Amino acid sequence: MEATKEQDGIQNGVPCAFPPFDPERDGFEPGTFPPGFMWGVASSAYQIEGGWNEGGKGPSIMDVHFQKGSAWSGHTGDVTCDSYNRYQEDVRILSELGVSHYRFSLSWPRLFPDGTRDSLNPEGVRYYNNLIDELRAHSIVPFVTLYHWDLPLALEEKYKGWLGEEVVELFNDYARFCFSEFGDRVKHWVTFNEPWSHVVVGSMVGMLPLVREKGRAGMYACAHNLIKAHGRAWHTYDKEFRAKQGGELGITLSCTWAEPKNPESDEDAAAAERFLQFHMGWFAHPIFLNGDYPDVMKEYIAKRSAEEGLAKSRLPEFTTEEKTMLKGTADFLGLNYYTARLTSALSAESLSKPDLLDEEDGDVHVGTHPDWPAPGIFFINVVPWGFRKVLNYMQNRYQVPLIYVTENGYHEEHMGEGQYDMKDARRSCYHAAHINELRKAIVHDGVNVRSYTVWCLMDNLEWESGFSQRMGLYHVDFTDPERKRTPKESAGFYRDVIKHNGFPEGAPITRQVQEWWKKRAQKQRNSHCSEGRFVALCNVTHRTQWYVSGSEFDGRFKEDGPCDFPTFDEDRDGFSPGVFPPGFLWGAATSAFQIEGAWNEDGKGPSIKDSWFNHARKAFDGTTAEVTCDSYHRYREDVRILSELGASHYRFSISWSRVFPDGTRDSLNPEGVRYYNNLIDELRARGIVPFVTLYHWDLPQALMDKHRGWLNETLMELFNDYARFCFSEFGDRVKHWATFNEPWSEIVMGSKGILAETVGKEGKRGVYAAVRTVLKAHATAWHTYDREFRVKQGGKSNCAFCTLYKVGLALSCTWGEPKDPRNADDVTAAERFFDFNVGWFAHPLFVNGDYPDVMKEYVMKRSMADGLATSCLPEFSSEEKALLKGSADFLGVNYYTARLVSARAEGDDSKPADMLGEDDADVHVEMNPDWPVAGLPFISIVPWGLRKALNCVRDRYQVPLIFVTENGLHEHHDGEVQYDLKDARRSCYHAAHINELRKAITLDGVNVRGYTVWCLMDNFEWVFGHTQTMGLYHVDFKDPEKKRVPKESAGFYRDVIKHNGFPDGEAHTRLVQEWWEARAKRTTGSEEK
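Okay, here's the thing in structure tokens:
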């Protein structure tokens, strides 16, 4: 989101477009704050310090999480703002702002590298002493947080982190040291920052993997120990330090306001109260009230636990002594406010599955209002009046004696691709709105609030969003080794607020805010153009319309419409407008054999695909890939249309036999290397990320002739040599590598004679042996990259955007739906189907280094039934299991279709009728006649299967990171008539699958970072030759120039990319909504008939 002057300029825009505007509730009141009111800014150690392994610091769980590339963004805090080396610059800009206090956190592993007092690090102590002294030299009060989520890794490994009660006392030791060392100059202490966010959200996104493994029980156990650690530290300060140091100690909570979805509904009001108790009361109730959890929390969790057959409640109990210890253990509440929610009873919503933010144990459904804008992150809505309500609630409900607002800030997306616009009037207006509500709470409601703290001082690593969320008053250029801090306009605005202690009548800053509020009121009265969106002056962006309007479609699809994907289920298939996480990758895919042509030019050696399709002409239409799209000569044209699409990445494959003609390093072909270097450089010149597949089925023919291909384990090392060369030659510019594309498809389909033969006459035993070699080849290549290239190509750069590089593989992930979901045998059969198709590869790489147990069991059983002495499935040695386990940074998911799966009838020895059938798994596979087929009779269109497949690979195989590497519509065109470029059905196909993908991310918490359309342009679709036209661009294969012409779907996808999804109100979003309304009407009509 690049701000424009029309949107953000103070003079010309309406930066405070927070609809709907209610003058009585939202009106601006000039006035100042009580004498001595504190104005400050905040930061945290991991987010700004960098120096992750400097000066004796030990590793933290955050170091590990982000260095593994587990965040959406791929960024790390290794350097970030480099405040470890630039703290004096931080203090200079704090002084420039005129703040009275600076809230920062101490890094536990910087002080105690292994988390214990015995490992004290003098360099870490010196750093914080210097920072504190520098602050005091500039008359800035240090406001110190002891723990902002960066637990020493040693404590995670030894005690399972906060799951281990030992950490309670270790935290107390750490706190005691900090009080003793810094307490003579620090008078405001916070024990923990946002324990709810740390425990709940942290476990969801993988920051606390051990807690995540234990689910909600793990979250409750973790929070239980955090609360006790807070209480112990408070008593330590109270008994040993308070009298001589005169300070105070509290805790900071994330305080999201909950508004009943229907204010007149008693059930919704009760749900809102439960949300607040489960969210804030979880911690505030024991600390401020009676030493115990809220009664409603204990009641609902016990009830839910019993319903699930548990012997006792998941929520741990405090002993009588612990309750006494906890009660009253906070001198103040640190309140962080960012957003509000609409709440209702979850049990009344009739959801098939709770949403990501729902509170299942509390029976609370959590939603947002479409009129509440979310400018930076889709789940953070701007609701200033919720701030006043939550301040009142916390004081009255939990008898909080004193509140400091310790965080409040504006999320703004900036991907670092263009120059940042410092005129951030909307941030200034955001803070004006919240400070206005804060003053009302103090002056009108009598809430005892002593401070306001902006998050944050400067742009930093915003956790999973990395550097794409810019929340600072100061801009930081993360591509600059000096990490220069530059004030935004909002810094000047906040400086004036501090200088005047608010908004005194008649001051220029006050008149500016009054002018903004005047425009807000006018906008509310006079225009509904931008209702529900955070924009200025009803600004409409005009664009080239590459696809026809919904009304124009009406005449062309009178009977079925473009989205004829029956049967339509509103609850399951409903369309929900919204955008994707910042930094989400949108791209298109191809493969070398299918587009390059030039099969024997410039030194390229023959591949098995050349032999099968170009010589034996095995394609049904008799065509070959000798020329196909001619991308070997026309790669610049390919990059041009990718740039026209606005794609962020391009997934392509390298032809092994073009680089190594006979498959070995000795046969290196410089012309082939030059071609791929040129392609990569052309992509990067256009700002497009190369996403490279090393092997997409085109094995050098010489390796098949000499070694029998993947049946011979010699190929494991030959592939590793090839991979090592590619990493070395291209790795300085390529950060996403897939070793293999769909090995199941190549080997299994090859064994059936559908693709080039891969296992000859070896049958099932050959299939299993070939897969075993492929798996070990993948793992060997991964370890080669990990040892020899990862650090020097990704981890040592001083550019914060140059993150650790990743190696994974792409699997064909066909979903298996139980034919009868109520039949336990069909359910387990569907699980076996998925394990035999996906788990065959994912289980060894992501879980334990070995095949799924069910696969080993069933292959053995079938082998014995066939009279074999041993199983057809070869075993891995202990060393091989160790090699395989964890040897993938991500999984590429290729999704096209689904199947109905049932258990085979006893005694049924017939061969599978379906091409995806698996007799060793003892399952029957079939298509549902109600699922429409695409251009191929065996590819059904089942969008909801994508969401299920994504959840399954995440949950069943513990996959930490997913890219959707292929998804596309098959369409038959035999070339006899002119091709119709109006391919609305393709646009709708992608809309349906992207809709399901977004549900998987936002509702289910699946960590998916990219969506890749198959394919960029029509190409050679294997045995179907040129009759399957799957591209966003049409290619006329009869034209010697192979001209690429955009289809309507190219324009549709271009708009999806441009808007990072389907924002409410955009033209392409409204078009999809029209399609979905038509789908719903057709379903209703069919049911009536």
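Quick note: the sequence shown uses our numbering, first residue 85, plus one each step.
Just so it is clear, CB atoms sit at the ideal spot from N, CA and C, and this is done for glycine as well.
Values in this document were obtained by computation on a predicted structure and should not be read as measured data.
**Report entry** Spatial distance of ALA786 from SER739 (CA atoms)
**Finding:** Translated into positions along the sequence shown, residue 786 becomes position 702. Translated into positions along the sequence shown, residue 739 becomes position 655. Take the alpha-carbon of ALA786 and the one of SER739: they are about 14 Å apart.
Report task. Going by CA-CA distance only, name the one from PHE359, TYR494 and PHE677 that's closest to GLY451. Result -> Here residue 451 refers to the residue found at position 367 of the sequence shown. Closest option to GLY451, Cα to Cα, is PHE359.
Query raised in the report: Do three or more CB pairs link the region 724 to 735 to the region 701 to 711 at distances below 8 Å?
Result: The region 724 to 735 vs the region 701 to 711: no contact.
Report task. Report, in whole angstroms, the separation of the C-beta atoms of GLY199 and PRO193, which I expect to be a contact under 8 Å. Result -> What you label residue 199 is simply residue 115 of the sequence shown in a count that begins at 1. What you label residue 193 is simply residue 109 of the sequence shown in a count that begins at 1. Taking 8 Å as the upper bound for CB-CB distance, GLY199 and PRO193 are in contact here, some 7 Å apart.
Query raised in the report: So, VAL1048 versus TYR1117, is the Cβ gap smaller than 7 Å?
Result: In the sequence shown, the residue the question calls residue 1048 occupies position 964. In the sequence shown, the residue the question calls residue 1117 occupies position 1033. In this structure, VAL1048 lies away from TYR1117, with their beta-carbon atoms at least 7 Å apart.
Query raised in the report: Terminal residues of the continuous beta strand (DSSP E) containing SER896?
Result: One-based indexing of the sequence shown puts residue 896 at position 812. 890 to 896 is the span of the beta strand (DSSP E), which, as asked, contains SER896.
Query raised in the report: Going by beta carbon distance, what residues of the same chain come within less than 6 Å of ARG742, once the five residues before and after it are set aside?
Result: Here residue 742 refers to the residue found at position 658 of the sequence shown. Beyond the five residues adjoining it in sequence on each side, ARG742 comes within less than 6 Å, by CB distance, of LYS688 and GLY756 in the same chain, given in chain order.
Query raised in the report: So does the region 861 to 877 actually touch the region 829 to 839, counting three or more Cβ pairs closer than 8 Å?
Result: The region 861 to 877 makes no contact with the region 829 to 839, as fewer than three CB pairs between them are under 8 Å.
Query raised in the report: Considering only residues of the same chain and omitting the five flanking positions on each side of ASP1067, which have a CB-CB separation below 6 Å?
Result: Your numbering for residue 1067 matches position 983 in the sequence shown. If we look at ASP1067 and ignore the five residues flanking it on each side, its Cβ neighbours are LYS1131, GLU1132 and SER1133.
**Report entry** Unbroken beta strand (DSSP E) run spanning GLU343, endpoints
**Finding:** Sequence index remark: in the sequence shown, residue 343 carries index 259 (1-based). For GLU343, the enclosing beta strand (DSSP E) covers residues 341 to 344.
Query raised in the report: Tell me which same chain residues have a C-beta within less than 7 Å of the C-beta of ASN978, skipping the five on either side of it?
Result: Taking the first residue of the sequence shown as position 1, residue 978 is located at position 894. Take ASN978, set aside five residues on each side of it, and the residues of its chain with a beta-carbon closer than 7 Å to its own are GLU826, ALA894, LEU895, SER896, CYS897, THR1049 and GLU1050, in chain order.
Query raised in the report: Would you call HIS699 buried or exposed, if buried means 16 or more other Cβ atoms sit within 10 Å of its Cβ?
Result: Taking the sequence shown and counting its residues from 1, one reaches residue 699 at position 615. Classification for HIS699: exposed.
Query - C-alpha distance - ILE177 paired with ARG316, whole-angstrom precision - result: Translated into the one-based positions of the sequence shown, residue 177 becomes position 93. Translated into the one-based positions of the sequence shown, residue 316 becomes position 232. Roughly 36 Å between the two C-alpha positions.
Requested in this report: Starting from the N-terminal side, write out each stretch of the alpha helix (DSSP H) that is 4 residues or longer and does not extend beyond the region 904 to 950.
Outcome: Counting only runs of 4 or more residues that sit fully inside the region 904 to 950, the alpha helix (DSSP H) segments are 908 to 918 and 937 to 949, in chain order.
Query raised in the report: Which whole-angstrom value describes the C-beta separation of ALA1164 and GLU654, a residue pair presumed to lie in contact below a C-beta threshold of 8 Å?
Result: Position 1080 of the sequence shown, counted from the start, is the residue given in the question as residue 1164. Position 570 of the sequence shown, counted from the start, is the residue given in the question as residue 654. Right, the Cβ-Cβ distance comes to about 6 Å (below 8 Å), so this counts as a contact.
Query raised in the report: Between GLU521 and the rest of its own chain, which residues show a CB-CB distance below 7 Å, the 5 nearest in sequence each way excluded?
Result: In the sequence shown, counting from the first residue as 1, residue 521 sits at position 437. Excluding sequence neighbours, GLU521 sits near PRO468, TRP469, PHE471 and ARG472.
Query raised in the report: Going by beta carbon distance, what residues of the same chain come within less than 8 Å of ILE1078, once the five residues before and after it are set aside?
Result: Translated into positions along the sequence shown, residue 1078 becomes position 994. Counting only Cβ-Cβ distances below 8 Å, and skipping sequence neighbours, we find TYR1095, VAL1140, GLY1145 and PHE1146.
**Report entry** Supposed contact pair VAL225 and VAL538 - C-beta distance, whole angstroms, cut 8 Å
**Finding:** Taking the sequence shown and counting its residues from 1, one reaches residue 538 at position 454. Taking the sequence shown and counting its residues from 1, one reaches residue 225 at position 141. 15 Å between Cβ atoms; not a contact.
**Report entry** Secondary structure, beta strand (DSSP E): runs of 3+ residues fully inside the region 1011 to 1082
**Finding:** DSSP runs (the beta strand (DSSP E)) wholly in the region 1011 to 1082: 1046 to 1050.
Query raised in the report: DSSP beta-bridge partners for ASN978?
Result: Looking up residue 978 in the sequence shown gives position 894. ASN978 pairs with SER896 and GLU1050.
**Report entry** PHE188 - containing beta strand (DSSP E), residue span
**Finding:** On the sequence shown, residue 188 is found 104 positions in, with the first residue counted as 1. It spans 185 to 189 - the beta strand (DSSP E) in which PHE188 sits, taken as one unbroken run.
Query raised in the report: GLY900 to LEU1034, Cα distance in whole Å?
Result: Position 816 of the sequence shown, counting from 1, holds the residue named residue 900. Position 950 of the sequence shown, counting from 1, holds the residue named residue 1034. GLY900 and LEU1034: Cα-Cα distance of roughly 12 Å.
Query raised in the report: Who are the Cβ neighbours of PHE263 in its own chain at under 6 Å, not counting the five residues just before and after it?
Result: Taking the first residue of the sequence shown as position 1, residue 263 is located at position 179. Here the set comprises TYR321 and PHE325.
Query - Counted within 10 angstroms of its Cβ, other Cβ atoms place GLU1161 as buried (16 or more) or exposed - result: Taking the sequence shown and counting its residues from 1, one reaches residue 1161 at position 1077. When all chains shown are included, GLU1161 counts as exposed.
Report task. Please list the segments of the alpha helix (DSSP H) lying wholly inside the region 702 to 758, counting only runs of 4 or more residues, in order along the chain. Result -> Runs found: 715 to 729 and 740 to 743.
Requested in this report: Identify the continuous beta strand (DSSP E) that holds SER144 and give its terminal residues.
Outcome: As a working mapping, residue 144 is identified with position 60 in the sequence shown. No beta strand (DSSP E) contains SER144, which DSSP labels as neither H nor E.
Query raised in the report: If you check the beta carbons only, do SER338 and ASN420 fall under 7 Å apart?
Result: Residue 338 sits at position 254 when you count from the first residue of the sequence shown. Residue 420 sits at position 336 when you count from the first residue of the sequence shown. Between SER338 and ASN420, the CB-CB gap stays under 7 Å.
Requested in this report: Classify PHE809 as helix, strand or coil using the three-state DSSP reduction.
Outcome: Residue numbering aside, residue 809 sits at position 725 when the sequence shown is read from its first letter. Helix.
Requested in this report: Within the same chain, show all residues whose beta-carbon is closer than 7 Å to that of ARG701, passing over the 5 residues directly before and after it, in chain order.
Outcome: What you label residue 701 is simply residue 617 of the sequence shown in a count that begins at 1. Cβ neighbours of ARG701 beyond the five flanking positions: THR708.
Requested in this report: Measure how close the beta-carbons of HIS149 and MET291 come, nearest whole angstrom, since I'm counting them as under 8 Å.
Outcome: Here the question's residue 149 lines up with position 65 in the sequence shown. Here the question's residue 291 lines up with position 207 in the sequence shown. Confirmed, about 5 Å.
Report task. Report the rounded CA-to-CA distance for LYS836 versus VAL851, giving the unit in angstroms. Result -> Stepping through the sequence shown from its first residue, residue 836 is reached at position 752. Stepping through the sequence shown from its first residue, residue 851 is reached at position 767. Looking at the two C-alpha atoms, the distance is approximately 10 Å.
Requested in this report: From the DSSP output, in three-state form, read off ARG640 for me.
Outcome: Within the sequence shown, numbered from 1, the residue matching residue 640 stands at position 556. Low confidence applies to ARG640: its pLDDT is 27, below 50, so where it sits in the model is not reliable, and the reading given next is rough at best. DSSP places ARG640 within a helical segment (H, G or I) once states are collapsed to three.
Requested in this report: Quick one: using the 10 Å Cβ neighbour count with 16 as the cut-off for buried, is ARG749 buried or exposed?
Outcome: Working through the sequence shown from its first residue, we reach residue 749 at position 665. The residue is exposed, with fewer than 16 neighbouring Cβ atoms inside 10 Å.
**Report entry** The beta strand (DSSP E) enclosing PHE333, as first and last residue numbers
**Finding:** Position 249 of the sequence shown, counted from the start, is the residue given in the question as residue 333. A quick correction: the sequence has Leu, not Phe, at residue 333. Note, LEU333: beta strand (DSSP E), 332 to 338.
**Report entry** Which of helix, strand or coil DSSP assigns to SER281
**Finding:** In the sequence shown, residue 281 corresponds to position 197, counting from 1. It is helical.
**Report entry** Proximal residues to TYR734 (C-beta, below 7 Å), its chain only, five neighbours per side dropped
**Finding:** As a position in the sequence shown, residue 734 is number 650, starting the count at 1. Result list for TYR734: GLY671, ALA672, LEU726, LEU767, ILE772, PRO774 and PHE775, in chain order.
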